[in-house]
Amino acid sequence: MMQIKTFETTGIEAKRFSKAGERVANVRIDQNSSIIQITKAQDNTASIDFRFTANYVGLGFIKIEGQMIVSGDVDVLIADWGKEGNMNPDDANAVHNTIVSNCLPTALLVARDIKLPPPFPLPRINVQKKSEMKPGSGVEVA
Numbered sequence: 498m499m500q501i502k503t504f505e506t507t508g509i510e511a512k513r514f515s516k517a518g519e520r521v522a523n524v525r526i527d528q529n530s531s532i533i534q535i536t537k538a539q540d541n542t543a544s545i546d547f548r549f550t551a552n553y554v555g556l557g558f559i560k561i562e563g564q565m566i567v568s569g570d571v572d573v574l575i576a577d578w579g580k581e582g583n584m585n586p587d588d589a590n591a592v593h594n595t596i597v598s599n600c601l602p603t604a605l606l607v608a609r610d611i612k613l614p615p616p617f618p619l620p621r622i623n624v625q626k627k628s629e630m631k632p633g634s635g636v637e638v639a
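Each position in the sequence shown, counted from 1, maps to that position plus 497 in the working numbering.
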């Protein structure tokens, strides 16, 4: 199993196509993380170049590129990537989860700055009014 050593953002590109204040109903937001290349860094480490995109269909996009250093059995990782363009599922899950968990907060801030909706649904808080219990209104058990 490989281990993520470092994570670095190397570029951010963002664009909003609509005018400020324009309202668009039902915006579809597609998110994608992809691996650009995997290369040997040092003895037991590899460098993984990645791209994360949040595509606001017809409205704009946010693209974040970067690099992470991983350690472990990187020779197998590099060989598999070179042959098939794939990683084993455990490594792929670790890499893509790292990309998404690091890029989503950045994408949220960029979206706010260029006035796009958040790239993921924000939780809705719904505080309920406490129901008042009146004496005698409860269930009585004998």
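Using N, Cα and C, we set each Cβ at its ideal position, and we do this for glycine too.
A quick note: this is a predicted structure, and the numbers were derived from the prediction, not measured.
Could you give the DSSP three-state label for residue i: helix, strand or coil?
| i | result |
| --- | --- |
| residue 610 | helix |
| residue 554 | coil |
| residue 527 | strand |
| residue 546 | strand |
| residue 522 | coil |
| residue 598 | helix |
| residue 575 | helix |
| residue 624 | coil |
| residue 537 | strand |
| residue 516 | coil |
Would you call residue i buried or exposed, if buried means 16 or more other Cβ atoms sit within 10 Å of its Cβ?
| i | result |
| --- | --- |
| residue 444 | As displayed, the chain neither begins before 498 nor continues past 639, which places residue 444 out of reach and without an answer. |
| residue 618 | exposed |
| residue 599 | buried |
| residue 535 | buried |
| residue 624 | exposed |
| residue 616 | buried |
| residue 573 | exposed |
| residue 522 | exposed |
| residue 587 | exposed |
| residue 576 | exposed |
Excluding the 5 residues flanking residue i on each side, which residues of the same chain have their C-beta closer than 7 Å to its C-beta?
| i | result |
| --- | --- |
| residue 538 | 544, 566 |
| residue 506 | 561, 563, 603 |
Which whole-angstrom value is the C-beta distance of residue i and residue j, which I expect to be below 8 Å?
| i | j | result |
| --- | --- | --- |
| residue 596 | residue 558 | The pair is not a contact, with the Cβ atoms about 16 Å apart (cut-off 8 Å). |
| residue 561 | residue 509 | 5 Å |
| residue 584 | residue 571 | Incorrect: roughly 11 Å between the Cβ atoms, too far for contact. |
Say yes only if the C-beta of residue i is nearer than 7 Å to one or more non-hydrogen atoms of the ligand NAD, and no if none qualify.
| i | result |
| --- | --- |
| residue 580 | Although the ligand NAD was asked about, the structure shown includes no ligands whatsoever. |
Within its chain, find whatever has a CB closer than 8 Å to the CB of residue i; leave out the 5 residues flanking it on each side and keep chain order.
| i | result |
| --- | --- |
| residue 500 | 567, 568, 569 |
Given residue i, which residues of its chain have a CB within under 6 Å of its CB, disregarding the five upstream and five downstream residues?
| i | result |
| --- | --- |
| residue 613 | 513, 553, 557 |
| residue 529 | 550 |
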